[in-house]
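Have a look at the structure below before the remarks.
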Amino acid sequence: MSQLNKECLPEGFAYFPNVISFNKSLTLYDHLVDSIPWQQPQIQVYGKYHRIPRLQCFIADREVRYGYSGKSLDNVAWLPALSAMRQRLQRQYAKEFNALLLNWYRDGLDTMGWHSDDEKELGAAPLIVSVSLGAPRMFKIRHRQTREVTSIMLETGSCLLMSGESQRDYEHSLPKQTKVTQGRINLTFRTVG
Numbered sequence: 001m002s003q004l005n006k007e008c009l010p011e012g013f014a015y016f017p018n019v020i021s022f023n024k025s026l027t028l029y030d031h032l033v034d035s036i037p038w039q040q041p042q043i044q045v046y047g048k049y050h051r052i053p054r055l056q057c058f059i060a061d062r063e064v065r066y067g068y069s070g071k072s073l074d075n076v077a078w079l080p081a082l083s084a085m086r087q088r089l090q091r092q093y094a095k096e097f098n099a100l101l102l103n104w105y106r107d108g109l110d111t112m113g114w115h116s117d118d119e120k121e122l123g124a125a126p127l128i129v130s131v132s133l134g135a136p137r138m139f140k141i142r143h144r145q146t147r148e149v150t151s152i153m154l155e156t157g158s159c160l161l162m163s164g165e166s167q168r169d170y171e172h173s174l175p176k177q178t179k180v181t182q183g184r185i186n187l188t189f190r191t192v193g
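Written as structure tokens, this is what we have:
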């Protein structure tokens, strides 16, 4: 894989375009839209319950338990296409990935606020492999101390690696983009301990 914009991204982040061909990425997007048992759970914010502004699904090995914002996620079994992708990534990075969080942003109004994937189950310096399918979306990375923001457009078929101290030192988000009318699915392969 050839990396793009290495000098533009903060330490711990690497972006690889065209990891999956354009046509294959859109075919996989359509397959996942139809095959995944999507959920839209509620989270509590300032004492009120709200549905998250996206759909999601947590795929993991049977024994894996994971959650965020005080919510435990229910495991779904691996689909063959995603299991094959996991095996390729495990060979590529010499790392066991036992979980996959999928987020479906149905259009530019679906979002993810500023956060870090720093739950204790992921370990101190997790490797998270993030694959994008569907409409391009702007992804933002913000340093926790300096508040400096880096923006990168995540294209269909691309891969963003987050590793090392990235979750300790930075937050990331997927802001609203009202002009985006198509959907995007994000797959984040993780190791949950």
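Counting in full-length UniProt numbering, the sequence shown runs from 1 upward without gaps.
Here a beta-carbon is modelled for each residue, glycine too, at the ideal position from N, C-alpha and C.
Please read all numbers here as calculations on a predicted model, not as lab measurements.
Could you give the first and the last residue of the continuous beta strand (DSSP E) run that contains residue i?
i: R51; result: K48 to R51
i: S151; result: V149 to L154
i: V45; result: Q42 to V45
i: A60; result: L55 to A60
i: G113; result: M112 to H115
Should residue i go down as buried or exposed, given a rule of 16 or more other Cβ atoms within 10 Å for buried?
i: residue 231; result: Outside the displayed span of the chain (1 to 193) sits residue 231, for which this structure offers no information.
i: N98; result: buried
i: V192; result: buried
i: G183; result: buried
i: S151; result: exposed
i: D61; result: exposed
i: H50; result: exposed
i: R88; result: exposed
i: P80; result: exposed
i: D34; result: exposed
i: P41; result: exposed
i: H172; result: buried
List the whole-angstrom C-beta distance separating residue i from residue j, where the pair is believed to meet the contact cut-off of C-beta under 8 Å.
i: C57; j: I36; result: 5 Å
i: P136; j: M153; result: 5 Å
i: L174; j: S130; result: In fact, because the Cβ distance is near 11 Å, the residues do not count as touching under 8 Å.
i: E121; j: Y66; result: 6 Å
i: V76; j: I59; result: 5 Å
i: F189; j: R86; result: 6 Å
Between the beta-carbon of residue i and the beta-carbon of residue j, is there less than 8 Å?
i: Q177; j: S116; result: no
i: I185; j: L102; result: yes
i: L100; j: Y29; result: no
i: I141; j: P53; result: no
i: W38; j: L55; result: yes
i: K24; j: G108; result: no
i: G47; j: E165; result: no
i: L26; j: T156; result: yes
What is the residue span of the alpha helix (DSSP H) that residue i lies within?
i: L89; result: P80 to Y93
i: T27; result: F22 to S35
Where DSSP assigns a beta bridge to residue i, which residues make up the other side?
i: R184; result: Y105 and G134
i: E171; result: R142
i: S72; result: G67
i: C159; result: F16 and V131
i: L100; result: I59 and F189
i: Q39; result: Q56
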